[in-house]
Each structure stands twice: as structure tokens, then as C-alpha cells.
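This report refers to the structure that appears directly beneath it.
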Ligand SMILES: C[S@@+](CC[C@H](N)C(=O)[O-])C[C@H]1O[C@@H](n2cnc3c(N)ncnc32)[C@H](O)[C@@H]1O
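Residue numbers (the working numbering): 48 to 333.
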């Protein structure tokens with residue numbers, strides 16, 4: 048498993064009964080997690096006294112119940128700084144399990160020994176962007192949501208990323224890659240973390256099962272002469288590690304010497320010593 052086990056400011060304290068108990072800096076949150084289908088005794092005192100609790104509703108959504116939580120605060124990962132803010136759909140503005148992918152990408156960027164142009168698609172609040180830029184890459188960050196792109200810019204500034212290191216774009220990811228093919232603009236590395244369902248800024252519909260493989264085929268056309276890697280992450284049930292491996296192996300079939308690997312992504316759970324599964328990632332190196 049790809050284990051995100053280097054956090055100091057974040058921890059999954061416990062997980063039981065469809066929820067996880069997490070520490071984000073000095074604040075403790077309870078959030079739903081559909082993977083937690085076991086029901087172990089809730090012994091940690093944090094379960095009784097969280098700073099906020101996101102309750103699922105039977106209608107599908109849910110809402111936050113706040114006890115003692117600032118409107119926003121920040122946590123660090125090494126030299127990186129991320130602003131957190133509880134908002135819709137139980138989000139906080141960061142997927143901490145992605146740190147294992149940030150580390151993997153950063154290592155490859157640092158070891159490249161040359162300037163690296165990286166494209167981050169469905170880039171959200173910029174965890175992967177900021178980490179890659181801190182490792183020295185020039186990053187093109189694409190997301191459909193203006194608010195998310197603004198948030199990512201703030202994370203980059205707070206992390207001390209030089210302004211000329213990132214290009215920020217509010218765009219539909221498929222449309223953007225199609226345009227880059229026409230412009231013959233290429234990238235040494237691509238990261239993508241697509242949702243199951245989403246919409247581009249002009250209402251373009253993204254359905255992962257239909258669109259992800261064609262997008263990987265398009266990405267194959269914008270890789271530079273000597274590409275480094277493509278990394279895909281997914282929380283979508285059904286896109287298991289083997290599926291991600293086959294997709295990467297097939298979409299980039301014509302490239303000699305490629306190495307594909309994929310695995311589940313997980314976070315350690317402090318109380319039980321178990322690992323909380325958080326989706327899967329596939330990685331291809333050239
Ligand atoms: C949060 S990430 C996905 C993380 C995780 N895989 C999940 O499912 O929650 C999804 C991001 O993709 C963006 N997005 C969704 N559809 C998009 C599209 N068609 N083009 C560009 N960005 C899109 C959203 O704005 C959001 O920031």
C-alpha cells in the first residue's frame with residue numbers, strides 16, 4: 048500500500064461506525080467515511096469532544112456542527128503550508144493521504160537533474176502543485192473552479208513558492224489538454240486526480256468511467272520527448288489498482304522502457320494501528 052505516514056500536523060486518530068476521528072493541527076474533527084464499515088469501541092476522548100462534526104443526512108448530503116473551531120486555520124507538511132476551511136460535502140480543502148504521492152513526485156522531480164514542466168489536472172486546492180513546485184518543477188495547474196484555483200494560489204504563496212513557478216488556469220481538463228495538443232505544448236510529467244463526476248467551467252460533463260481512458264490517451268500526446276511520469280489517483284469504487292495499471296499500460300503502450308505500478312493509498316490509524324484505505328493510485332515512469 049502507498050502509505051501517507053509522514054504527517055506531523057495531521058493524524059487519523061481512530062475510525063469506527065462509518066466515521067473517522069482526525070486531528071488537523073490542534074483541532075479534532077469527526078467526518079463520515081464510507082470505507083469504515085466496522086464498529087469498534089470508541090475509546091478515544093476526542094469522539095466525545097470534537098471541535099467539529101460533519102453529520103451525514105439521509106438525503107445524501109450533510110452538514111457541519113461546530114463546537115469550537117476557527118473559520119480557517121493552517122497546517123504544515125515539511126516546508127509546505129495549507130489553509131483549511133470546513134465547507135460543503137465534508138471537505139476541509141486537503142486530502143492528506145495524497146502526501147504519499149506528493150513525496151513520490153517530488154523525488155522524481157528532484158532527481159531529474161533538469162528543469163521539469165508538470166501539468167496538474169483536477170488540481171483542487173493545489174497540494175500536488177505546491178509540492179511539485181517546491182521540488183523545482185514549473186507547474187501548470189488546471190481546475191474548473193475559480194474558488195479552488197484561488198485557494199491553491201494562497202497555498203502556494205503561504206508555502207513560499209516563487210510566483211513564476213506556477214501557471215493557474217480555470218478550465219475544463221479535457222478541453223485544456225485538447226488545446227495543448229493543437230498548440231503542440233508538451234509536459235515532462237502529468238498528475239491527475241479526477242472525481243467520479245464533475246463539471247467544467249462551461250458545464251462540460253466529466254464522468255470518470257467514460258472519460259478517464261480517453262483523457263489518458265490525450266495526455267500521451269502532450270508528453271515531452273523525454274517524459275518522467277504520469278500519476279493518476281482515484282477514489283472511485285471500481286477503479287482499483289489493477290484497473291489503473293491496465294489503463295496506464297494501454298494508454299502509453301507505444302513507449303519503450305515504461306514501468307507501471309499501482310496500489311491502494313492509505314493513512315495509518317493511531318489507535319488501532321490499522322490502515323485506512325483512501326482510494327488508489329497508478330504511476331507510470333518512462
Ligand atoms: C477534489 S478533486 C478530486 C478529489 C477526489 N478524487 C474526489 O473525488 O473527491 C476534484 C476537482 O476536480 C475539479 N473538476 C471537476 N470536474 C472538472 C473538469 N471537468 N475540469 C476541470 N476540473 C474539474 C473540481 O473543481 C475539483 O476541484
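All C-beta atoms, glycine included, are put in the ideal place defined by N, C-alpha and C. Quick caveat: nothing in here was measured; it's all calculated off a predicted structure.
Starting from the C-beta of residue i, find all residues in its chain whose C-beta is less than 7 Å away, skip the five residues before and the five after it, and write them out in chain order.
i, result
"residue 127", "177, 178, 181, 206"
"residue 103", "79, 109"
"residue 266", "224, 237, 277"
"residue 146", "51, 53, 54, 124"
"residue 246", "191, 252, 253"
"residue 213", "176, 180, 186, 188, 203"
"residue 91", "60, 61, 68, 318"
"residue 70", "57, 58, 60"
Looking only at DSSP bridge pairs, what is residue i linked to?
i, result
"residue 254", "244"
"residue 213", "186"
"residue 237", "166, 277"
"residue 130", "121"
"residue 231", "Answer by DSSP bridge pairing: none, since residue 231 is not bridged."
"residue 111", "101"
"residue 50", "313"
Got a sec? Which residues, its chain only, sit under 6 Å from residue i by beta carbon, not counting five neighbours each side?
i, result
"residue 238", "167, 175, 278"
"residue 55", "none"
"residue 75", "93, 97, 98"
"residue 316", "59, 62, 323"
"residue 144", "51, 312, 314, 325"
"residue 332", "276, 306"
"residue 227", "269"
"residue 89", "63"
"residue 87", "63"
Cβ-heavy atom distance between residue i and ligand 1 below 7 Å?
i, result
"residue 352", "The first residue shown for the chain is 48 and the last is 333, placing residue 352 beyond what the model contains."
"residue 325", "no"
"residue 191", "yes"
"residue 171", "yes"
"residue 240", "yes"
"residue 251", "yes"
"residue 243", "yes"
"residue 219", "yes"
"residue 329", "no"
"residue 294", "no"
"residue 142", "yes"
"residue 285", "no"
"residue 183", "no"
"residue 195", "yes"
"residue 70", "no"
"residue 336", "Here the chain comprises residues numbered 48 to 333, so residue 336 is not present and cannot be evaluated."
"residue 229", "no"
"residue 160", "no"
"residue 123", "no"
Residues in its own chain within less than 8 Å of residue i by CB, not counting five upstream and five downstream?
i, result
"residue 121", "72, 128, 129, 130, 131, 205"
"residue 153", "178, 179, 181, 182"
Quiz prompt | Runs of beta strand (DSSP E) lying entirely within the segment 260 to 332, each at least 3 residues, in chain order | solution = You should have 276 to 281, 306 to 315, 322 to 332.
Exercise. Go through the segment 58 to 106 residue by residue and report every complete run of the beta strand (DSSP E) that reaches 3 residues or more, in order.
Key: 66 to 71, 74 to 79, 99 to 103, all fully within the segment 58 to 106.
Quiz prompt | Those runs of the alpha helix (DSSP H) which lie wholly inside the segment 139 to 163 and span at least 4 residues | solution = The qualifying runs are 146 to 158.
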